[in-house]
Structures are given as C-alpha cells and as structure tokens.
Amino acid sequence: MKELEDRIREEGTVKAGDVLKVDTFLNHQCDVALFDRMGAEWAEHFRDRPINKILTIEASGIGIACSAARHFGDVPVVFAKKAQSINLEGEQYVTTIYSFTKQREFPVIVAKKFLSADDHVLIIDDFLANGKALGGLLDICDKAGATVEGIGIAVEKGYMGGGDRLRERGYDVDSLAIVESMDPDTGDIEFRA
Ligand code: 5GP
Numbered sequence: 332m333k334e335l336e337d338r339i340r341e342e343g344t345v346k347a348g349d350v351l352k353v354d355t356f357l358n359h360q361c362d363v364a365l366f367d368r369m370g371a372e373w374a375e376h377f378r379d380r381p382i383n384k385i386l387t388i389e390a391s392g393i394g395i396a397c398s399a400a401r402h403f404g405d406v407p408v409v410f411a412k413k414a415q416s417i418n419l420e421g422e423q424y425v426t427t428i429y430s431f432t433k434q435r436e437f438p439v440i441v442a443k444k445f446l447s448a449d450d451h452v453l454i455i456d457d458f459l460a461n462g463k464a465l466g467g468l469l470d471i472c473d474k475a476g477a478t479v480e481g482i483g484i485a486v487e488k489g490y491m492g493g494g495d496r497l498r499e500r501g502y503d504v505d506s507l508a509i510v511e512s513m514d515p516d517t518g519d520i521e522f523r524a
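Take the sequence shown: its letters are residues 332 to 524, numbered as in my numbering.
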C-alpha cells in the first residue's frame, strides 16, 4: 500500500534494537482515516473469504481491527488480553508469547465465549516481525477449533522471516507494507517490491 509506505518513509524512525517507530500515525497517535483505507485494502484482498470475526491483540491492534471491521459487514472484533483481570470471567484460552518490543513473556488470553469452532477468523495486527505474537493468536484459534481465513498486517519486517514462514505454512498473509531493510544510522527504509 503506497500510502502506508510513504507515511513510514516520511514519519518513521529507525531505533536501535531493530525497532521501527511509527507512533505519529499507528502506535500512539492514530490516523483513523488511514486505518479506514487500510481496512478497505484488507477487505479487497480477503473478499472471497467467509470472515465472521476479527481477532487481534491489545493494544495497537485494536484500532486497526475496529476500522477494518467496518469493511467486513461490521463483524465483531475480539482482542486478546495480555494480562489476567478481574473482568475476565469464565473459561479462557490461554497461551504465552514473547514480546519483541518489551522483551519478556506475556500470557495471551481470550474468553472461550468469544471464539468457537463456528468462527471464520481474520487475524489483524500492527507489526509482524518474528511471528511470535501471531503464533500465540494462531494457537488460540487452534485451541478454539476456529478456522483462520487470513492474516492482515500493517507493517511486516520481511527480513526477519516471520511472515514468509507463515506463508510457507499455507496462511494467506496480507501485509500492507513489507520492510526489507532499515538502517538506524541513515534512517533509510527499503520495501519489498
Ligand atoms: P513478533 O511477535 O512478530 O516478533 O513481533 C510482533 C509484535 O511486536 C507486534 O505486535 C508489535 O507490537 C511488536 N513489534 C515488533 N517489531 C516492531 C517494530 O519494529 N516497531 C513496533 N512499533 N512494534 C514492533
């Protein structure tokens, strides 16, 4: 998606530790009009899939998933929680992921009442790097017996291989911008053609 690549080039900053910071429009301040156009792109890509639910993970996935849902017939969005809470009632699917940006393990929790074998799920997230976060969401879908119809990602760091490993496993991964290299010294960012 050229618009997203342009925004990353103009506003993204490359931090030490292989982190691309895009907090002016995606990870802290949110450009909701851009989110809407991203949702339209995923709706076009996955138009033949019988998607009845969108699954994401808190926090940055929620905004883009909710914008996308408007393009899929207002299907519900379920977001996995990263911590136990007294608001989480009933039986739960629980798995563990390693967070790239926080560099520690988190539980990933979805209440069983919100995901079942009847669901045809589109997974959406902001970033795909090693694929650990997505691995956790896929594990939860597997536990629920839900069908994963596809994966929509805003920014994939292609050189880290997580996206290609998922494609090799047969998942339809639609990343709107795939970074092939980024240089923390010059700030140069190259995208997959
Ligand atoms: P993975 O689990 O695929 O290694 O990393 C994906 C998760 O880590 C995303 O949900 C995102 O929150 C975070 N992440 C990974 N790389 C980056 C990055 O370069 N920039 C930002 N802002 N988040 C990242």
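We treat Cβ as the ideally placed atom computed from N, Cα and C, and that holds for glycine.
This one's a predicted model, so the numbers in the text were calculated from it and none came from an experiment.
*Paired residues, beta bridge with Arg-401 - DSSP*: As a position in the sequence shown, residue 401 is number 70, starting the count at 1. Looking at the DSSP assignment, Arg-401 forms no beta bridge with any residue, so it has no partner.
*Tell me whether Met-491 sits in a helix, a strand or coil according to DSSP, three-state version.*
In the sequence shown, residue 491 corresponds to position 160, counting from 1. Helix at Met-491.
*Apart from the five residues on each side of it in sequence, which residues of its chain come closer than 6 Å, Cβ to Cβ, to Thr-355?*
Taking the sequence shown and counting its residues from 1, one reaches residue 355 at position 24. So the list reads Glu-342, once near-sequence residues are dropped.
*May I have the straight-line CA-CA distance separating Val-353 from Glu-336, to the nearest angstrom?*
Residue mapping note: residue 353 aligns to position 22 of the sequence shown, counting from 1. Residue mapping note: residue 336 aligns to position 5 of the sequence shown, counting from 1. Those two C-alpha atoms are separated by around 11 Å.
_For a test of the three-state rule: what should DSSP assign to Arg-332, helix, strand or coil?_
Translated into positions along the sequence shown, residue 332 becomes position 1. Looking at the sequence shown, residue 332 is not Arg but Met. Coil at Met-332, not helix or strand.
_For His-359, the three-state DSSP class (helix, strand or coil)_ = Counted from its first residue, the sequence shown places residue 359 at position 28. Three-state DSSP puts His-359 in coil, outside helix and strand.
*Is the distance from the Cβ of Leu-386 to the Cβ of Phe-410 below 9 Å?*
By 1-based counting over the sequence shown, the position of residue 386 is 55. By 1-based counting over the sequence shown, the position of residue 410 is 79. Yes. Within cutoff.
_Proximity below 9 Å, CB of Leu-453 to CB of Glu-480_ = Against the sequence shown, residue 453 aligns to sequence position 122. Against the sequence shown, residue 480 aligns to sequence position 149. Yes. Within cutoff.
*From Asp-503 to Leu-497, what distance separates their C-alpha atoms?*
The residue given as residue 503 occupies position 172 in the sequence shown. The residue given as residue 497 occupies position 166 in the sequence shown. If you take the alpha carbons of Asp-503 and Leu-497, they lie about 8 Å apart.
*Tell me where the alpha helix (DSSP H) around Lys-463 begins and ends.*
Taking the first residue of the sequence shown as 1, we reach residue 463 at position 132. First-last of the alpha helix (DSSP H) with Lys-463: 463 to 475.
_Simplified DSSP assignment, three categories, for Arg-435_ = As a first step, residue 435 is located in the sequence shown; it is residue number 104 there, counting from the start. Correct three-state label for Arg-435: strand.
_If contacts are defined as beta-carbon pairs under 8 Å, then Asp-456 and Ile-388 qualify, I think. What distance do you get, rounded to the angstrom?_
As a first step, residue 456 must be located in the sequence shown, where it is residue number 125. As a first step, residue 388 must be located in the sequence shown, where it is residue number 57. That belief holds up - the Cβ atoms of Asp-456 and Ile-388 are roughly 6 Å apart, short of 8 Å.
*asked:* Please classify Gly-421 as buried or exposed, where buried requires at least 16 other C-beta atoms within 10 Å of its C-beta.
replied: On the sequence shown, residue 421 is found 90 positions in, with the first residue counted as 1. The residue is exposed, with fewer than 16 neighbouring Cβ atoms inside 10 Å.
*Go through its chain and collect everything with a Cβ distance to Lys-444's Cβ below 7 Å, but skip five positions before and after it.*
Along the sequence shown, one-based indexing puts residue 444 at 113. Excluding sequence neighbours, Lys-444 sits near Gly-421.
*Contact set for Ser-512: own chain, Cβ-Cβ below 8 Å, skip 5 residues either direction*: Within the sequence shown, numbered from 1, the residue matching residue 512 stands at position 181. Only Tyr-490, Asp-519, Ile-520 and Glu-521 meet the Cβ criterion.
_Among Gly-501, Ala-524 and Ser-398, whose alpha-carbon lies nearest the alpha-carbon of Cys-361?_
As a working mapping, residue 361 is identified with position 30 in the sequence shown. Checked all of Gly-501, Ala-524 and Ser-398; the closest Cα to Cys-361 is Ser-398.
_Buried or exposed for Ala-475, going by 16 or more other Cβ atoms inside 10 Å?_
For the purposes of this step, residue 475 is taken as the residue at position 144 of the sequence shown. Buried: at least 16 other Cβ atoms inside 10 Å.
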